Structure formats: C-alpha cells, structure tokens
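One structure is given below, encoded as structure tokens.
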Amino acid sequence: METYGYRFSFGPWNIHEGADPFGPTVRPPRTFDDKLAVFSELGFDAVQFHDDDAVPNLDDKSAKQITDEARAMKKKLEDRSLVAEFVAPRLWEGPLTIDGAYTSNDPKQRAYAIDRSKRAADIGRELGCDLMVLWLAREGTYMRESKDAVRATHQLLEAVNAILAHDPTMRIAIEPKPNEPMDLAYIPTMGHGLALGMQSSDPARVGVLMETAHAILAGLDPADEISFALAFGKLWSVHLNDQNGLKYDQDRSFGSIDLRRAFNQVRVLEENEYYKSGMIGLDVKAIRTQPAEIATKHLRNSLSTFLRLVELVRSLDRKRMAELIAARDYEELDWLIVSHLMGS
Ligand code: 3MF
Ligand code: MG
Numbered sequence: 281m282e283t284y285g286y287r288f289s290f291g292p293w294n295i296h297e298g299a300d301p302f303g304p305t306v307r308p309p310r311t312f313d314d315k316l317a318v319f320s321e322l323g324f325d326a327v328q329f330h331d332d333d334a335v336p337n338l339d340d341k342s343a344k345q346i347t348d349e350a351r352a353m354k355k356k357l358e359d360r361s362l363v364a365e366f367v368a369p370r371l372w373e374g375p376l377t378i379d380g381a382y383t384s385n386d387p388k389q390r391a392y393a394i395d396r397s398k399r400a401a402d403i404g405r406e407l408g409c410d411l412m413v414l415w416l417a418r419e420g421t422y423m424r425e426s427k428d429a430v431r432a433t434h435q436l437l438e439a440v441n442a443i444l445a446h447d448p449t450m451r452i453a454i455e456p457k458p459n460e461p462m463d464l465a466y467i468p469t470m471g472h473g474l475a476l477g478m479q480s481s482d483p484a485r486v487g488v489l490m491e492t493a494h495a496i497l498a499g500l501d502p503a504d505e506i507s508f509a510l511a512f513g514k515l516w517s518v519h520l521n522d523q524n525g526l527k528y529d530q531d532r533s534f535g536s537i538d539l540r541r542a543f544n545q546v547r548v549l550e551e552n553e554y555y556k557s558g559m560i561g562l563d564v565k566a567i568r569t570q571p572a573e574i575a576t577k578h579l580r581n582s583l584s585t586f587l588r589l590v591e592l593v594r595s596l597d598r599k600r601m602a603e604l605i606a607a608r609d610y611e612e613l614d615w616l617i618v619s620h621l622m623g624s
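Heads up: take any position in the sequence shown, counting from 1, add 280, and you land on this note's numbering.
Written out as structure tokens, the structure is:
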C-alpha cells in the first residue's frame, strides 16, 4: 500500500461493542490481542493507548507490576512491528472522577487524578513513547455554579505542570472537546489548549491533538483548527473522523459526511508536511448496526479515504488555482475544487 510518507494509528476503543446510551452492546468484546491483529491486517503502524489498555486495573497494582506489564505490552508491539503513538490517562470511568478529575471539587480526587496521570506517564515511557494525550473528559460542569472556572483553569495548569515535572522527557498533547460528557468543558478548542500550554512550566513540551468531530461540535472548521496549531508548530497528533451536525459525538468514518471538509483537512496537513513530524491518528467507531465479523470497515474506509484525498491534494492544478485567486474569481475556484472532488 502506497502511504505517501504517512503513518497511521487508532485506539483499541475504535473496535467497540456498539453500545449507545439507550441500548446495550450488540457485538461481543474482542481481546486486546485480537484487536492488535487488526492493526497489522489493515496496514496501521501504531497503537494509541489509554493507560489501562496497556495495564488493566492499574489502580490496584504496584509500581513494579505496572512497569512489568507495560514492558510485556511493548514486547507484544515489537513482535508485530507496531509502536505506541501515545498514552492517555483514563480519567473519566472510575468512581473517583465523578465530579471531574483535575478540577474535582474534592481535593482527594484531584490528588488521585494527578497521581494516576504520573503512572500513565510511567507506562508511556515503558511503551517507548514520549507523548501523553490529555482528553479532559470531565473537566467542566453540568451546573455552572458548581465550580469556579478561574480556579479550575489554575487546577488544570497545576496538573499539566505536575506531569511535566514528573517526567522531563514526556510531551503533552491536549485534546480539546467542547461538550460530552460534560455540558460545558473548560478546554473546548485548539486556542484554549494552546493558551494553557503557553502558561505551563515548560511550554515547549505542551501541544495539542485536533479531533475533527470535536472541532465541529465547537462550531469550528477542523482544517482551520489544524492550521492554527500548525502555525505554532504545536499539532502533535490528530483524531480524524467525521460528524453529522451538532449532536452527540459520532466518531463517523473520516470523510463519510462531508468530503470537502475532509479534503481540506488533508490539504492543510499536506501543505505543511505534517507527515514529517506526526502520525495520522483516527478516532472512528463502527455504527451500531454493523455485524461483529465485519466491524472494522470504518477503519479501512477512513484510511483509504485519507490516502485518496492525499492523491487529490497532490493532483490539484496549483497554477490554475493561483490564477483564479489572483483574479479574485473564487466562484471558478469553487468549481475547480468541486469538479476535482467529483473526479473530472
Ligand atoms: C472522546 C475522545 C477520546 C480520546 C481518547 C484519547 C475515547 O471524544 O475523543 O476517546 O480521543 O481518550 O485521548
Ligand atoms: Mg479523540
């Protein structure tokens, strides 16, 4: 498979059982090893890890057990010629993060969240990756008056600084999202993530991950969100997917809803030679109706769409585009792009 210099990753949660808030699971769970086989089968290079994907139930384990299990996972990856792209502390499932993690109103819960993040960093180091992704799932409110947003911002900064201090080699990519599970999240956009990073104790080690669906939910254009981070050399990962309007986070296959929007994400990544520094991460889920034995097509489709769009970006008539831009004939430019996407 020609990949044009790009490397690809997804997370094990992208092969999921199909449950939604109003319905039970519809596909049997697959073991981690079974999922790993899919990475190789479909031509992916790397695995995105939640800390407990690598070390299940880590809250009940000693530091030594955690290290040993993370090392065993690294070996498993090596056996399949895979690498870990990042590790992310899962700070949203447990009973200690009901009211948030770093911004919980309970100091014991905040301390737990920071401690858990440090252990996630330890796991990341053993897996051989120097990137931690922070999706700040529960850092926000259902009830505005229940938290102080100024204080919460300082708490987020303290948590970032604590992780940076714990592991001087780890970089952090903040993954902004405006809502879900919270009504209102504290770090909803690239701009918020980057501003937080700039205030940290080591701004050079804090960047962002842009997820398509999250940008759309924030009412923003994903290609512009990508570009904003690229302009500062801060786009350290992406979660490409798609999203049909302002509703629950859908994680649809990349390009499956709005092909032109997907094309423009690929275009800005291409124009800025993102493949030289970062991976193309997907965060996509098979729809609930997909039978278990054929429930990895969303990954195949997303990867294939990305590569087809790279070809379309590379075959754009740049000279003609420049002429049209100079003539301010943006309607003709519109037609050029639309016809190119339609295959003429
Ligand atoms: C939720 C997400 C998350 C993150 C993941 C890695 C479960 O909308 O996008 O997926 O991507 O936790 O940071
Ligand atoms: Mg994501």
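The beta-carbon is built from N, C-alpha and C at its ideal position, and this holds for glycine as well.
Keep in mind it's a predicted model, so treat the numbers as computed, not measured.
**Q.** Under the three-state DSSP convention, the category R541 falls into
**A.** helix
Q | Extent of the continuous beta strand (DSSP E) run through H296 | A | Where H296 is concerned, there is no enclosing beta strand (DSSP E), given that its DSSP letter is neither H nor E.
Q | For ligand 2, residues whose Cβ lies under 5 Å from any non-hydrogen atom | A | E491, H519, D563
Q.
Spatial neighbours of D538 within its chain, please: C-beta separation below 8 Å, excluding the five flanking residues on both sides.
A. D522
(Q) By the three-class DSSP mapping on this structure, what secondary structure does R405 have? (A) helix
**Q.** Short Cβ contact (8 Å threshold) for R360 with L316
**A.** yes
Q. What do you reckon, are the CB atoms on L497 and D529 nearer than 8 Å?
A. yes
Q | Whole-number beta carbon distance between A364 and C409, since they are thought to touch under 8 Å | A | 4 Å
(Q) Spatial neighbours of E612 within its chain, please: C-beta separation below 8 Å, excluding the five flanking residues on both sides. (A) L604
Q.
Can you check which of these residues, G473, S342, E591, A484, is closest to A495 by C-alpha distance?
A. G473
Q. Opposite L579 in the DSSP bridges: which residues?
A. Answer is none; L579 lacks a bridge partner.
Q.
Is it the case that the segment 328-337 contacts the segment 379-392, given that we only count it when at least three CB pairs across the two stretches are under 8 Å?
A. no
Q: Compare the C-alpha of K427 against each of P458, D402, A401, L464 and name the closest.
A: L464
Q) What span of residues does the alpha helix (DSSP H) with F319 cover, start to end? A) 312-321
**Q.** D563, buried or exposed, once every other Cβ within 10 Å from all chains shown has been counted against 16
**A.** buried
Q | Closest by C-alpha distance to R485, when choosing among M412, R547, E349, A417 | A | M412
Q) Between which two residues does the alpha helix (DSSP H) carrying G477 extend? A) 470-478
Q) Under 7 Å from any heavy atom of ligand 1, does the C-beta of Q328 make it? A) yes
Q: With A364 as the anchor, note down where its beta strand (DSSP E) starts and where it stops.
A: 363-368
Q. Where DSSP assigns a beta bridge to V518, which residues make up the other side?
A. M490
Q: Can you say whether N294 is buried or exposed, counting buried as having 16 or more other CB atoms within 10 angstroms of its CB?
A: buried
**Q.** Pairwise C-alpha distance: D379 and R424
**A.** 13 Å
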